[in-house]
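A.B. asks: Mind looking over this structure? Questions follow.
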Amino acid sequence: SSIFYNGLPRIIGAIGRHINDKEGKWTWASKATKYLLKKDFVMSCSSFFPMVIKTAHIKAFRAYVEKIHGKDFISVYKEMFVTHLWNCHYSFMCTYLWYFHQDEYSWHFQSSIGWKSGWDKAFPGVANDFSFLTKWNKLPVARVSTHASFTLDA
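Note that the working numbering has the sequence shown beginning at 24, numbered continuously upward.
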C-alpha cells in the first residue's frame with residue numbers, strides 16, 4: 024500500500040539541503056524545529072500526503088512540547104511565530120516521531136527534485152548522523168500526492 028507498509032503508517036522524508044535554500048524556508052524550518060522540540064531537524068516531511076499519525080502520538084507531541092518549555096502548547100507555538108515565522112508542522116511531527124516513536128512507523132528517505140543528496144553540515148539545526156540509512160529505506164516510494172511546487176521546483 025502507498026499509505027501503510029507491513030501495517031505501519033508510511034512516512035517519506037526528504038533528506039538533504041534544498042539547493043535554492045540560502046537561509047530560506049528550510050533553514051528556518053530546521054531552526055523552528057530545534058526551538059520547538061529541542062531536537063535536531065531530521066527530515067522534511069511536507070512532500071507527501073496523506074500523512075497518517077496515530078492520535079496518541081499527537082497528544083504525546085503536545086505534552087512533550089509543554090514539558091520541555093514549561094508552559095501550555097498554544098503559548099509555546101505563538102512564541103515560536105515571533106522568532107520563527109516559517110515553519111513546517113509536518114516536519115515537527117516527523118522529527119518528534121523519529122526520536123520517540125520510530126518503531127511504530129515505516130520510514131522512507133529520499134532526495135527529491137531540488138534537494139542535494141545527503142545533509143549539508145552547514146545547515147543549522149540539522150541532525151548529521153545518518154548511519155541509520157539502509158539500502159531498503161532509501162528505495163524510491165511512490166507518493167499518493169504531493170505539493171505541485173515539489174515537482175515543479177528545479
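Ideal placement from N, C-alpha and C gives every residue a C-beta, glycine not left out.
Along the chain, where does the alpha helix (DSSP H) containing Ser-67 start, and where does it finish?
C.D. replies: From DSSP, Ser-67 is part of no alpha helix (DSSP H); its letter is neither H nor E.
A.B. asks: With distances taken from CA atoms, which of Val-99, Cys-68, Gln-125 is nearest Leu-60?
C.D. replies: Val-99
A.B. asks: Sort Thr-78, Ser-69, Val-75, Pro-32 by Cα distance to His-112 and report the nearest one.
C.D. replies: Ser-69
A.B. asks: With a 10 Å radius around its C-beta and 16 neighbouring C-beta atoms as the bar for buried, classify Asn-29 as buried or exposed.
C.D. replies: exposed
A.B. asks: At 4 residues or longer, and completely inside the segment 67 to 138: list those alpha helix (DSSP H) runs for me, N to C.
C.D. replies: 78 to 92, 96 to 106, 112 to 123
A.B. asks: Could you give the residue range of the beta strand (DSSP E) that holds Ile-35?
C.D. replies: Here the beta strand (DSSP E) through Ile-35 covers 31 to 37.
A.B. asks: By Cβ distance below 7 angstroms, which residues in the same chain neighbour Val-75 in space, the five residues on each side in sequence not counted?
C.D. replies: Ile-26, Pro-32
A.B. asks: Contact between the segment 49 to 56 and the segment 86 to 93: three or more CB pairs below 8 angstroms?
C.D. replies: no
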